[in-house]
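Residue numbers (this note's numbering): 3 to 423.
First the structure, in the form of structure tokens, and then the observations on it.
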């Protein structure tokens, strides 16, 4: 290990997280090729894969019918997001015993700031090993993580990717080039396919060439200040991140083949609207826009939006959604729907709401709106206390009783209560 003191961050990345949690809970799955899927059908894709599956070329996004050609013995497990969040919180509590978690970056990644003696390489390595041992002992003996340590989060995350699974690597400032030169451009966080293409068109085909650019030229390639920030991060500078406030609340769902007709896909859409509305109220927001997007099995996409006065009750949003839905399906003919996406945006704090003067004059309308809000909030409280679907708006089809609509976006960890909405 390098005897340097410019270390400021420890970055922890859980290996093949969803698949590993399933293997932790079900020991008979261990050392087997496992794919986590949204639904048990060959016409979906893997949202996660175990290391044994990855060795066979199966990764996130691989279609299951293709995966089974590569590996006929592949075991597909339907995603249990509530379980993954439960273990996520257990892991956070365990890490906090050794070093405070500064930032939860995703469901399977956290960053910890190093202070004082923790910046010493020997001490931070000792802590990293203790975290690994604590996880094995107190959370799950099959759960492993890769840990990276460096002078900023970007390099610490990069270090965590250098050795997988169960790695522990340091990138010190005086060895950055040496550590990064063998990597592909796409191995660096923030360089996706589009940016990699832009870099290639500019003659930058390796990390070595990227490192030699000036901050001004990197800004030109990126087209904004992010390129210049990238230059500084590559050199180990610990620059402050740019944070944004909540701008949207939404949910999406890839439909099981049995749910792809208009009637059942409409029920899924309504369910997603109700969940999004409940989240909106819990966060203390009202919205002024609703967008619904649909994607067919052939890949055709359509979307439509509706603008309105500030609302957050489920009844009003369901009414808006029905209007949008009728417009959308008129464009589809007889095509089956593969994916439904709903987004509430144009958000305002609930405290900013002002009673519409026209509503006051039309006293009946005002009373109905107030009643809808009170009923929506009451349903939230009942479902939170007694469980999801204790009270529903309208009859719920039998096959949807187990459908929650809550999924883990890797950069957003749902709260447990979302599974009861």
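We treat Cβ as the ideally placed atom computed from N, Cα and C, and that holds for glycine.
Among the options, the one whose alpha carbon lies nearest that of residue i
i, options, result
"residue 156", "172, 339, 167", "172"
"residue 180", "168, 150, 213", "213"
"residue 290", "346, 205, 135, 188", "346"
"residue 168", "204, 46, 135", "135"
"residue 132", "113, 107, 170", "170"
"residue 323", "130, 152, 71, 270", "270"
"residue 153", "262, 286, 183, 235", "235"
"residue 117", "101, 23, 111", "101"
"residue 175", "98, 8, 230, 299", "8"
"residue 12", "227, 371, 158", "158"
"residue 378", "307, 294, 292, 275", "275"
"residue 250", "103, 292, 97", "292"
"residue 318", "329, 280, 330, 286", "280"
"residue 19", "109, 105, 10", "109"
"residue 284", "48, 385, 162, 119", "385"
"residue 287", "314, 266, 309", "314"
"residue 65", "226, 49, 321", "49"
"residue 316", "299, 120, 282, 387", "282"
"residue 329", "42, 268, 119, 255", "268"
Spatial distance of residue i from residue j (CA atoms)
i, j, result
"residue 93", "residue 277", "27 Å"
"residue 441", "residue 252", "Residue 441 lies beyond the stretch modelled for the chain, which goes from 3 to 423, so this question has no answer here."
"residue 141", "residue 160", "25 Å"
"residue 348", "residue 272", "20 Å"
"residue 193", "residue 187", "7 Å"
"residue 114", "residue 71", "41 Å"
"residue 196", "residue 36", "30 Å"
"residue 16", "residue 203", "34 Å"
"residue 46", "residue 145", "26 Å"
"residue 297", "residue 340", "6 Å"
"residue 95", "residue 257", "35 Å"
"residue 303", "residue 189", "31 Å"
"residue 219", "residue 201", "11 Å"
"residue 372", "residue 382", "16 Å"
"residue 22", "residue 191", "23 Å"
"residue 178", "residue 338", "51 Å"
"residue 361", "residue 333", "Note on residue 361: pLDDT 46, under 50, position unreliable in the model; no value is reported."
"residue 112", "residue 147", "11 Å"
"residue 263", "residue 336", "9 Å"
"residue 10", "residue 240", "8 Å"
"residue 209", "residue 233", "12 Å"
"residue 14", "residue 55", "22 Å"
"residue 62", "residue 376", "42 Å"
"residue 350", "residue 127", "45 Å"
"residue 52", "residue 86", "15 Å"
"residue 124", "residue 183", "25 Å"
"residue 74", "residue 150", "35 Å"
"residue 4", "residue 57", "The predicted position of residue 4 is uncertain, since its pLDDT is 46 and thus under 50; no value can be drawn from it."
"residue 343", "residue 91", "27 Å"
"residue 162", "residue 139", "22 Å"
For residue i, the residue or residues it bridges with in DSSP
i, result
"residue 14", "112, 149"
"residue 51", "37"
"residue 254", "343"
"residue 26", "Residue 26 is not bridged to any residue."
"residue 80", "39"
"residue 65", "47"
"residue 105", "113"
Within the stretch 283-353, ranges of the beta strand (DSSP E) (whole runs, at least 3 residues): As far as the stretch 283-353 is concerned, its whole beta strand (DSSP E) runs of at least 3 residues are 287-298, 303-313, 339-347.
Cβ contact (3+ pairs, closer than 8 Å) linking the stretch 31-49 and the stretch 67-84: Contact holds between the stretch 31-49 and the stretch 67-84, because three or more Cβ pairs, one in each stretch, are under 8 Å apart.
Start-end ranges of the beta strand (DSSP E) lying completely within the stretch 165-205, minimum 3 residues: Counting only runs of 3 or more, we get 170-172.
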